[in-house]
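Encoded as structure tokens, the structure appears first; notes follow it.
Right, here's the structure in full:
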């Protein structure tokens, strides 16, 4: 498969922007014609409610694809960077080239979104693509394997199904780029496999994302936003709040509001609610229920193995050494750890690996600044959860800060972003699947070799700005 795709890529077929646009339009038609089936497979895998399926997966995919179609011609244009004194007379350009044959390994928690959004970006960038959906979400994987080939060019894009064995065989091949979404454990294996061939890769991994809550916040609104971010998709979201840091007094107020909110959303018996997703499989169910053993359950705690059901659960009197605090929870369990103040919270956060995202609920701007400058995280959201992500889960080594006004009762709006992400361009989702080529066109009649850039009509001088 990989060799066939490489032959196609070397032919230059996927480099043509019109070809890319036609393939993306076919992909858009695929989704628009199969919207109902997409909702059905998400219900089969996760018992995801139709509204949640549309909001967090289907419409997300459609909007991302429409945005790419609208902007692609602009995105792929060569750029003209600023010139220095040494190359002011030269023509300097940055061209964007596709990597080649790309492997996209999808995740099971958002099995359509986290597979198909990266695929669309890879296609838009001009690559040939091997698509490996997660076998843990079998209905979604089957949909991708059976449906996409009907719309996409088979000599450019192929779907491979299967489990760890098939993925291991794929990773033995020489890809030009690998994109993986999933656990840190598997991420290490993929990174090691990529290093054998010096293959560049992006690993979108999870982590324990903290949520700090203090008494200046509107607790009623904060509770709704924290609980929504935690319990959508039954907590199986890479940027869900993993645990809360707050004082005993704030904890008491939060629990009072949490009981009201959870009863409003899911009723007296959450198991009967159509709005609550299920755990993906029994293995993950047993992993989660083991975290409840010996824990002090303040709210929830009900489980049903056959139904893969765990009620929205909040734990109190949690210690940093408890099992629930060792790894990402990835389920509907929310521990609360008590701290006296923001300084203690920051000290605790900094004693652990940097999280994917950090949520800060406070109206005190000085405290906000303490967290922004005194901690390290992939991104940070002030006074809201989840809504900062565009697209989700791809903020690494930069700090995207979103400040959502806490006094506005609206959990479906964003905020004001400060700084941009370095590893994944929110406004240009194909940037991961391109590498830039610096081109400098030297005037062949000017005897001056002290300019920067990759050169035409000269040699070596393109390194001048890098030495």
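In the UniProt record's numbering, the protein residues as written are 1 to 467. Backbone N, C-alpha and C define an ideal beta-carbon position, used for all residues, glycine too. Computed from a predicted model, the values in this text were never measured in an experiment.
The Cβ neighbour count for residue 63, taken over all protein chains shown within 10 Å, is under 16; the residue is labelled exposed. Beta bridge pairing from DSSP links residue 132 with 105. Here the alpha carbon of residue 65 sits roughly 14 Å from the alpha carbon of residue 75.
Going by beta carbons, residue 115 and residue 131 fall inside the 9 Å limit. The straight-line gap separating the alpha-carbon atoms of residue 282 and residue 310 is approximately 11 Å. Fewer than three pairs of CB atoms, one per stretch, sit closer than 8 Å, so the region 207-226 makes no contact with the region 27-43. From the listed residues 193, 210, 209, the smallest Cα separation to residue 202 is found for 193. Within the DSSP bridge table, the entry for residue 79 names 94 as partners.
Per the coordinates, the alpha-carbon of residue 110 lies some 25 Å from the alpha-carbon of residue 71. Taking a contact as a CB-CB distance under 8 Å, the pair residue 227 and residue 250 does not count as one, their CB atoms being some 15 Å apart. A residue is called buried when at least 16 other Cβ atoms come within 10 angstroms of its Cβ; residue 224 meets this threshold and is buried.
Cβ-Cβ separation between residue 363 and residue 378: approximately 24 Å, too far for a contact (criterion under 8 Å).
Per DSSP, residue 263 lies in no beta strand (DSSP E) segment; the continuous alpha helix (DSSP H) that holds it begins and ends at 248-266.
Following the DSSP letters along the chain, one finds residue 202 inside the beta strand (DSSP E) bounded by residues 201-205. Judged by beta-carbon spacing, residue 358 lies within the 9 Å limit of residue 210, meaning their Cβ atoms are closer than that value. Straight through space, the alpha carbons of residue 96 and residue 78 are spaced by roughly 7 Å. Contact between residue 15 and residue 123 does not hold, since the beta-carbon distance rounds to 12 Å and is not under 8 Å.
Segment contact: the region 238-246 against the region 336-345, three or more CB-CB distances shorter than 8 Å; contact assigned. In the structure shown, residue 325 falls within a helical segment according to DSSP collapsed to helix, strand and coil. Following the DSSP letters along the chain, one finds residue 158 inside the beta strand (DSSP E) bounded by residues 157-159.
Under the three-state reduction of DSSP, residue 338 is assigned to strand.
If you draw a 10 Å sphere on the C-beta of residue 104, you find 16 or more other C-beta atoms in it, and that means buried. In its chain, beyond the 5 residues on either side, 240, 241, 334 have a beta carbon closer than 6 Å to the beta carbon of residue 230.
Between residue 171 and residue 140, the alpha-carbon positions lie close to 22 Å from each other.
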